[in-house]
Amino acid sequence: MLRHLLLRSGSSLFALLIISMIVFSLSQLSGNPVDALLPDDATQEQIDTFIRDWGLDQPLWKQYMTFLGNAMLGDFGTSLKWPGESAMGFVLDRMPATLKLGGLAILISVVIALPLGIAAAYTKGSITDNAAQLFALLGQSMPNFWLGIVLIWVFSVWLGWLPTSGTGSFAHLILPAIAIAWFQISALTRLTRSAMLEVLDAEYVKLARVKGVPEWLVICKHAFRNAAVVPLTYFGILAASILTGSVVIESVYSYPGMGWVAIEAIRGRDFPVIQAVILAYAVIYMLSNLLVDLLYVVVNPRMHHG
Amino acid sequence: MAELSTPSRFSLRRLRNLPLVPIIILLVVFIIPAFFAQWIAPHDPYVPNLRARLQPPVFFGGTWEYPLGTDRLGRDILSRILHGAWYVMAVSMIGIFVGVVVGTTLGLIAGYVRGRFDSLVMRLVDISLALPAMLLALALAAALGASFLSVVIVVGFALWAYFARQVRAEVLLLRDSDFVARSLVAGSSHARILFRHILPNVVNTIVVLATLQVGIAIMLDASLSFLGIGIPRPTPAWGLLVSDGRDFIATDWWIAFFPGLAIMLTVLSVNMIGDWLRDALDPRLKQF
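Top to bottom, those sequences are chains A and B.
7 is the number of the first residue of the first sequence in my numbering; add one for each residue after it.
371 is the number of the first residue of the second sequence in my numbering; add one for each residue after it.
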């Protein structure tokens with residue numbers, strides 16, 4: 007079990023290292039790193055200091071080491087588009103907003119998808135089951151940015167219940183979180199349903215019923231605990247699509263989180279911020295994957311002695 | 371379990387009970403427009419016509435002249451969607467093709483030669499699966515600017531690992547089967563065994579997996595164009611069309627609504643066809 011976790015974290019760390027190399031090469035690929043990383047009106051003195059500080063007169067691998075060292079300390083230089091802000095500081099400022107949105111999206115998906123999947127499996131072939139499956143099929147085919155716009159149209163413009171965009175209150179979070187969650191609800195419902203179907207046929211579930219265990223307890227305790235492993239393996243993918251979703255949906259709702267910063271920074275060719283935001287996303291992603299691995303071990307007793 | 375049954379050969383006889391409704395939707399919304407847009411589109415998708423600005427769709431106060439309405443510059447939404455289909459198809463097909471070729475080749479060789487090359491490929495698969503495609507897309511857009519090529523790279527990158535992993539797993543099984551041993555004894559070269567004997571046995575898997583990935587590729591491409599880091603303007607890629615209408619949803623909803631509907635119908639029908647193909651050809655791929 008420990009070996010498994012170590013292997014997984016090793017793989018994640020290596021992926022992180024690759025990302026840092028890609029991010030480092032960004033400013034190289036775009037031409038001259040000095041142009042990419044300093045404002046246009048920088049003085050010769052500023053340029054010289056910058057070259058010395060970041061070792062730009064050194065060979066490439068040394069430059070990368072300097073970059074990596076600075077990156078570990080959270081130093082990516084200063085933003086070009088938002089003058090006076092340190093690149094990483096600016097990104098960290100926006101991180102809580104994104105985590106809040108992503109957290110709410112995960113909560114919504116789990117709260118809706120697990121009961122829906124269980125109900126669909128339990129009533130296999132019924133109207134509930136068919137409706138759940140249709141919903142899942144539609145949900146997986148809907149582009150989230152389009153859904154976000156349609157939600158604004160219906161709930162903000164027509165009904166006037168919720169704000170169209172921006173941030174400030176809990177009400178501002180609801181539409182973007184639903185837009186992000188929609189796809190995961192569909193995927194998670196399908197997975198839960200098929201996992202439950204398999205388990206409901208198992209001998210120990212029949213035995214529990216024969217013993218006279220109440221039906222809800224059979225479903226919740228005996229069946230679902232065993233089926234839960236399957237949806238959980240999906241959570242790693244879930245983290246990635248929540249991340250992607252946040253980039254897209256924050257842009258739809260002008261919600262000032264990390265995703266919004268990333269797109270604005272790319273539009274403004276603000277390389278220090280782009281580098282910082284991509285690495286910040288990567289770290290969040292790796293950590294959430296690690297958390298999933300841990301949960302997996304907790305839920306799946308067979309892993310304890312692996 | 372999946373590991374016990376050997377893969378089966380591709381055969382057209384298994385393709386019964388065609389899912390007609392999704393196929394028709396796909397033809398009407400996606401495939402026919404992609405190839406024949408210039409003949410069937412009623413208007414030019416690029417030329418502004420300010421006298422026809424913001425016409426609503428037919429049945430919503432508009433006319434049959436512009437069935438799905440017009441945008442701020444008076445361009446026909448229907449014509450733009452029809453012309454956009456080509457870009458959506460080109461980028462997703464080429465992206466998947468890149469993913470299939472890279473993934474299948476690496477998976478075939480890794481499963482066949484095993485050993486150090488195999489562990490190297492599997493490490494790369496792990497790393498690739500641990501890297502969200504969106505991050506790569508952001509990085510590429512920042513470094514090289516968004517282009518057709520950058521989207522193809524992102525789509526290919528997002529998909530190759532799934533092919534490599536699945537193909538490798540099946541080749542590992544096939545490698546030990548009798549027909550491989552016999553061909554070796556009969557003097558076949560390794561290349562011949564790989565491409566003449568083993569490859570045909572994994573074609574089913576590749577076809578099913580590729581079909582199931584089309585929806586993912588289209589969605590990824592649409593998201594990138596929506597964000598302005600996909601195929602650049604003025605191409606009427608569907609994601610760009612939705613983003614054109616975003617700020618006008620309160621008054622002129624049709625600008626964003628119909629292109630999004632086109633994406634949804636396309637992905638929906640592709641997914642249904644993919645599910646059917648999987649059940650018909652390779653039910654072992656149920657987890658995808």
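Backbone N, C-alpha and C define an ideal beta-carbon position, used for all residues, glycine too.
This structure is a prediction, so every number in the text was calculated from the model and none was measured.
From the DSSP output, in three-state form, read off A:Val219 for me.
coil
A:Trp159 versus chain B: which residues are under 9 Å apart at the beta carbon?
Ile619, Ala620, Trp623, Ala626, Phe627
Please list the partners that A:Gln146 has in chain B, where partner means a Cβ-to-Cβ separation under 7 Å.
Asn641
Using the C-alpha atoms, what's the distance from B:Ile586 back to B:Leu519?
18 Å
Considering only residues of the region 397 to 468 of chain B, which uninterrupted beta strand (DSSP E) runs meet the minimum length of 3 residues and lie entirely inside it, listed in chain order?
none
Under three-state DSSP, which class holds A:Thr49?
coil
Is the CB of B:Ser375 under 8 Å away from at least one CB in chain A?
Its pLDDT being 46, under 50, B:Ser375 is placed unreliably in this model, and the value from its coordinates should be taken loosely. By this cut-off, B:Ser375 is not an interface position.
Can you pull the chain A neighbours of B:Gly585, defined as C-beta to C-beta under 9 Å?
Gln146, Ser147
Which residues, taken in chain order from the region 500 to 520 of chain B, show a beta carbon closer than 8 Å to some beta carbon of chain A?
Ala500, Leu501, Pro502, Ala503, Met504, Leu505, Leu506, Leu508, Ala509, Ala511, Ala512, Ala513, Leu514
Inter-residue spacing [alpha-carbon to alpha-carbon] between B:Leu374 and B:His567
Residue placement at B:Leu374 is flagged as unreliable, the pLDDT there being 42, under the threshold of 50; the coordinate-derived value follows with that caveat. Approximately 19 Å between the Cα atoms of the pair.
Along the chain, where does the alpha helix (DSSP H) that runs through B:Thr581 open and close?
569 to 597
Per DSSP, cross-strand counterpart(s) of A:Thr239
DSSP, once it has assigned bridges, lists no residue as partnering A:Thr239.
Contact with chain D by B:Arg486, beta-carbon distance below 8 Å:
The displayed structure is made up of protein chains A and B, and chain D is not among them.
What number of angstroms, rounded off, separates the C-alpha of A:Thr134 from the C-alpha of A:Gln190?
19 Å
Please compile the residues from chain A whose C-beta is within a distance smaller than 8 Å of the C-beta of B:Gly444.
Ordered by position in chain A, no residue passes the 8 Å Cβ test against B:Gly444, which lies about 22 Å from the chain.
Straight-line gap, A:Thr55 to A:Trp88 (C-alpha atoms, nearest Å)
21 Å
Looking at the unbroken alpha helix (DSSP H) that takes in A:Met202, where does it start and where does it end?
176 to 206
Mind checking B:Leu610: buried by the 16 CB within 10 Å criterion, or exposed?
buried
Would you say B:Ala336 reaches chain A, if we count a Cβ-Cβ gap shorter than 8 Å as a contact?
Residue 336 of chain B lies beyond the stretch modelled for chain B, which goes from 371 to 658, so this question has no answer here.
From B:Phe429, B:His453, B:Val522, B:Pro418, pick the residue whose C-alpha is nearest to that of B:Thr440; which is it?
B:Pro418
Would you mind telling me which residues of chain B sit closer than 9 Å to A:Leu143, beta carbon to beta carbon, in chain order?
Leu638, Asn641, Met642, Asp645
Does the beta-carbon of A:Ser33 have 16 or more other beta-carbons within 10 angstroms, so that it is buried, or is it exposed?
buried
For the alpha helix (DSSP H) that contains A:Ile158, what are its first and last residues?
Element bounds for A:Ile158: n/a, residue is neither H nor E.
Quick check on the burial criterion: 16 or more other C-beta atoms within 10 angstroms. Buried or exposed for B:Trp409?
exposed
Beta-bridge pairing of A:Ser92 - partner residues as DSSP gives them:
A:Thr84
Can you list, in chain order, the residues of its chain with a C-beta nearer than 7 Å to that of B:Val402? Leave out the 5 residues immediately preceding and following it.
Residue 402 of chain B is actually Ile in this sequence, not Val. Here the set comprises nothing.
Between the region 584 to 616 of chain B and chain A, which residues of the former have a C-beta closer than 8 Å to a C-beta of the latter?
Gly585, Met589, Ala592, Ser593, Phe596, Leu597, Gly598, Ile599, Gly609, Val612, Ser613, Gly615, Arg616
Inspect the CB distances between the region 594 to 608 of chain B and the region 103 to 121 of chain A and report whether three or more fall short of 8 Å.
no
Of the choices A:Ala268, A:Gln69, A:Glu256, A:Val283, whose alpha-carbon is the least far from that of A:Lys106?
A:Glu256
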